[in-house]
Amino acid sequence: QVQLVESGGGLVQAGGSLGLSCAASGITFSIHTMGWYRQAPGEQRELVATINSGGNTNYADSVRGRFTISRDNAKNTVYLQMNSLKPEDTAVYYCSARVYGLVSWGQGTQVTVSA
Numbered sequence: 134q135v136q137l138v139e140s141g142g143g144l145v146q147a148g149g150s151l152g153l154s155c156a157a158s159g160i161t162f163s164i165h166t167m168g169w170y171r172q173a174p175g176e177q178r179e180l181v182a183t184i185n186s187g188g189n190t191n192y193a194d195s196v197r198g199r200f201t202i203s204r205d206n207a208k209n210t211v212y213l214q215m216n217s218l219k220p221e222d223t224a225v226y227y228c229s230a231r232v233y234g235l236v237s238w239g240q241g242t243q244v245t246v247s248a
């Protein structure tokens, strides 16, 4: 059973930084694509960034150049470093794992950016 546990959300002022972590268990972490998504109130969940087993990354246009996704296979953990945060980055951030075509989700962590 896949388990994903996010941590690191919180409240930050615009222009500030936050780092999120997601610890995975129940999977062979190193071989699967991991990702971060977010969902703002009243909005659909959207892609933030993904990283595959080879370390190749993909970012939403809205965060490219400000956010960095990375992974530590020895720790079964994926990270999201968020810099130059904007109020529009406010959302619940979800960790994801794509395991043989099926996507599993963490419980989410709130990120709030004040103006």
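Add 133 to a position in the sequence shown, counting from 1, and you land on the number used in our numbering.
Note that beta-carbon positions come from the ideal geometry of N, C-alpha and C, so glycine has one too.
Model, not experiment: these values are computed from the prediction.
Member of the options whose CA lies at the smallest distance from the CA of residue i
i, options, result
"E179", "N189, L151, S195 and S186", "S195"
"R204", "G142, V232 and N189", "N189"
"R199", "A147, V138, S158 and P174", "A147"
"T183", "Q177, E176 and Q214", "Q214"
"C155", "F162, T161, V181 and S140", "S140"
"T166", "Q240, R231, G239 and Q134", "R231"
"G149", "E221, N216 and G241", "N216"
"A157", "E221, V211 and T242", "V211"
Exposed unless 16 or more other CB atoms sit within 10 angstroms - verdict on residue i
i, result
"L153", "buried"
"L235", "exposed"
"I202", "buried"
"A248", "exposed"
"Y233", "exposed"
"G187", "exposed"
Cβ-Cβ distance between residue i and residue j below 7 angstroms
i, j, result
"Y192", "Y227", "no"
"S229", "G168", "yes"
"A173", "A224", "yes"
"T245", "L151", "no"
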